[in-house]
Amino acid sequence: MTTVSIVNVTGYTGLELLRLLAQHPEFVVTSVTGRSAVGQRLLDVFPQVQTLSSPGAGPRPMPIDPALAITEEPAQTELAFVCLPHAAAAESVVRLLERGIKVVDLSADFRLHDAKVYEEWYAHTHPAPALLESSIYGLPERYREQIRTASLVANPGCNATTTILGLLPIYAAGLAEREVITDVKAALSGAGRGLKLASLYAEANEDVTAYSVTGHRHLPEVTQEVVLAAQAGGHALEQPLRMTFFTHLVPMTRGIFVTSYIELKTDAHLTTEDVQDLYRKYYADEPFVHVVKQPPHTRWTYGSNHCFIYPIIDQRTNRLIVMSCLDNMGKGASGQAIQNANLMYGLPETTGLFPLGVNP
395 MTTVSIVNVT GYTGLELLRL LAQHPEFVVT SVTGRSAVGQ RLLDVFPQVQ TLSSPGAGPR
455 PMPIDPALAI TEEPAQTELA FVCLPHAAAA ESVVRLLERG IKVVDLSADF RLHDAKVYEE
515 WYAHTHPAPA LLESSIYGLP ERYREQIRTA SLVANPGCNA TTTILGLLPI YAAGLAEREV
575 ITDVKAALSG AGRGLKLASL YAEANEDVTA YSVTGHRHLP EVTQEVVLAA QAGGHALEQP
635 LRMTFFTHLV PMTRGIFVTS YIELKTDAHL TTEDVQDLYR KYYADEPFVH VVKQPPHTRW
695 TYGSNHCFIY PIIDQRTNRL IVMSCLDNMG KGASGQAIQN ANLMYGLPET TGLFPLGVNP
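Just add 394 to wherever you are in the sequence shown, counting from 1, and you've got my numbering.
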């Protein structure tokens, strides 16, 4: 068994990790933190965890102790999932690594390779720039082998994961121009558990609106990874990628649906059948990415670590249109964090992750 800490269990990503790890056969949660609940038991803050002490509740007699005390700092464990906001996360990561604890960081602090780009988008100096070189971007579909030997994995953002998975095959094949328009529809839980006016039921119900209209922080993450994928495929872009990345808040609890509109090279001459074949081959060995023959539904992904992708060609405009969707709490956050941790500890990456989403 590998001992695990969840740093900031009281947020949505921390709580989702708790749910998923409760049925993981190899990871055991022995430490949880949460500054707003220090000194309380898990049971006091989340009464639903009392089910974990029921007979036959999981693969072990006690997968997580409901009476586990919530502390301010994590105890000594082998692995830590850090679910703190950016900046605060980096400070925690530094302390954990100094103690010899491997880390999967769910914040944005170690996703971008360039500290100056981070400072531009997050409006403060990077707390630990020396770690940027050694951190690994936690997208297994691109960096599986590097993740296996990493001490620090930067879990990708939810909007970024959905978008990148939809763009990787076409850019790796060198068939796309630099112009991309991406339309993101994101669920309310992506905004976090904190009290916000826009997240109130009376405000969000039956309403769709745009947010981060002057530039979403996941944009540099997406462009970084698409450019690197093109280079890795032997088709480096001749000019910088120019992406319009626009996000919308929709009244659902979980899920992200991304539609990307990609300019194809004039000599590409691709059909829908061609691009679907290209995408299927690219993701043929991926357990969590599925290329489908119809527009996907976010409902397919609810509570799971799966991503569904549907690429088609608009012959009138010579554009590739890619629809991709996933659960922002699953493959967009906590599920992918466990997928990364599985790789770090030599486990099958599907270990402890549900094979199907919840429907209805």
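For glycine and all other residues, C-beta sits at the position ideal for the given N, C-alpha and C. For clarity, every value in this text was computed on a predicted model and none was experimentally measured.
- By the Cβ neighbour-count rule, residue 618 is buried, with 16 or more other Cβ atoms within 10 Å of its own.
- Taking residue 504 as the centre and dropping the five residues before and after it, the same chain places the C-beta of 529 and 548 closer than 6 Å to its C-beta, in chain order.
- For residue 669, the enclosing alpha helix (DSSP H) begins and ends at 666 to 676.
- Under the 10 Å beta carbon count, residue 726 is surrounded by 16 or more other beta carbons and is classified as buried.
- Taking every protein chain shown into account, the CB of residue 395 has fewer than 16 other CB atoms within 10 angstroms, so this residue is exposed.
- Nearest Cα to residue 534 within the set 563, 721, 743 and 753: 743.
- Scanning its chain for C-beta atoms nearer than 7 Å, with the 5 sequence neighbours on each side dropped, one finds around residue 486 the residues 401, 476 and 478, in chain order.
- In this structure, residue 581 lies near residue 647, with their beta-carbon atoms less than 8 Å apart.
- Taken through DSSP and simplified to helix, strand or coil, residue 573 comes out as strand.
- Judged by DSSP secondary structure, residue 738 falls within the alpha helix (DSSP H) whose first and last residues are 729 to 738.
- Scanning 568, 465 and 484 for the CA closest to the CA of residue 672 turns up 568.
- For residue 564, the enclosing alpha helix (DSSP H) has its first and last residue at 552 to 566.
- Residue pairing for residue 395: DSSP places it in no beta bridge.
- Put simply, the segment 633 to 646 does not touch the segment 704 to 724. Fewer than three CB pairs are less than 8 Å apart.
- At a cut-off of 3 residues, the continuous stretches assigned as beta strand (DSSP E) that sit fully inside the segment 612 to 673 are 636 to 643 and 650 to 658.
- When DSSP states are grouped into helix, strand and coil, residue 516 belongs to the helix group.
- Taking C-alpha positions only, residue 655 is separated from residue 560 by approximately 10 Å.
- Between residue 688 and residue 704, the alpha-carbon positions lie close to 6 Å from each other.
- The DSSP assignment places 473 to 476 and 496 to 499 as complete runs of the beta strand (DSSP E) inside the segment 429 to 501, in order along the chain (cut-off: 3 residues).
- Per the C-alpha coordinates, the member of 712, 713, 701 and 691 positioned closest to residue 753 is 691.
- For residue 412, the uninterrupted alpha helix (DSSP H) run begins and ends at 406 to 415, by DSSP.
- A residue is called buried once 16 or more other Cβ atoms fall within 10 Å of its Cβ, and residue 724 is buried on that count.
- One alpha carbon belongs to residue 670, the other to residue 685, and they sit about 7 Å apart.
- A straight line joining the alpha-carbon of residue 558 with that of residue 616 spans about 6 Å.
- Separation of residue 542 and residue 522 (C-alpha to C-alpha, rounded to the nearest whole angstrom) is 22 Å.
- Looking at the DSSP output, residue 421 shares a beta bridge with 396.
- Per DSSP, reduced to three states, the secondary structure at residue 608 is coil, with no helix or strand assignment.
- Annotation for residue 598: the continuous alpha helix (DSSP H) segment containing it runs 595 to 598.
- Annotation: the continuous alpha helix (DSSP H) that includes residue 538 extends over 534 to 542.
- For residue 708, the enclosing beta strand (DSSP E) starts and ends at 701 to 708.
- Inclusion of residue 556 and residue 464 in the CB contact set at 8 Å is not warranted, their separation being larger than that value.
- With distances taken between CA atoms, residue 441 lies nearest to 409 out of 409, 420 and 423.
- The C-beta distance from residue 435 to residue 469 rounds to 15 Å, too long to meet the 8 Å contact threshold.
- In the DSSP annotation of this structure, residue 686 is not part of any beta strand (DSSP E), being labelled neither H nor E.
- Less than 8 Å separates the beta-carbon of residue 701 from that of residue 718.
- In this structure, residue 635 keeps its C-beta atom at 8 Å or more from the C-beta atom of residue 714.
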